[in-house]
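Peer 1:
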Amino acid sequence: VVIALVVKLLAIAAFFQLADGAQVTAAGALRGYKDTRVPMVLASIGYWVVGFPVSWTLCYPLGLGAPGVWWGLAIGLFAAGALLCWRFARVSWRALHATATTPSVTTA
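Note that the working numbering gives residue 376 to position 87 of the sequence shown, counting from 1, and the numbers run on in steps of one.
#1: Determine the burial state of W382: buried for a count of at least 16 other Cβ atoms within 10 Å of its Cβ, exposed for fewer.
#2: So, are the CB atoms of G335 and L307 less than 7 Å apart?
#3: With P342 as the anchor, note down where its alpha helix (DSSP H) starts and where it stops.
#4: Just to check my reading of the structure: Y322 and A389 have Cβ atoms closer than 8 Å, yes? What is that Cβ distance to the nearest angstrom?
#5: So which of H386, A378, A311 and W360 has the shortest CA-CA distance to S344?
#6: Taking D324 as part of the alpha helix (DSSP H), name the residues at either end of that continuous run.
#7: Go ahead and label P317 buried or exposed: buried means 16 or more other beta carbons lie within 10 angstroms of its beta carbon, across all protein chains shown.
#8: Rounded to the nearest angstrom, what separates L319 and A300 at their Cα positions?
#9: Can you give me the C-alpha to C-alpha distance between L294 and V358, rounded to a whole angstrom?
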């Protein structure tokens with residue numbers, strides 16, 4: 290019984306690691322742009338608005354137990370990662386186009 294549960298949880302952990310890598314990378318890139326407030330809100334939405342209710346629903350009403358909790362956490366991380374990647378694409382696009390349209394100052 291324990292080995293079967295561990296196998297299920299390790300499979301979920303693989304997805305969890307991919308989702309976590311995406312959200313950590315996007316959050317770090319946004320910190321490089323000194324963009325921290327909006328990413329905090331987006332991550333909170335991913336964790337609390339998506340991850341927590343999905344975890345609870347999968348665990349209790351649907352009866353999946355521990356795998357349900359971990360699937361919910363992984364889905365919350367995936368949502369946070371998707372939102373943060375979207376934010377990074379938007380911020381970096383603005384920064385790229387702001388520098389492309391700004392005339393360069395040259396002195397003679």
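All C-beta atoms, glycine included, are put in the ideal place defined by N, C-alpha and C.
Peer 2: In brief:
#1: exposed
#2: no
#3: F341 to C348
#4: That pair is no contact at about 16 Å.
#5: W360
#6: Run containing D324: none; DSSP gives neither H nor E here.
#7: It is Gly, not Pro, that sits at residue 317 in the sequence shown. So G317 counts as exposed.
#8: 30 Å
#9: 13 Å
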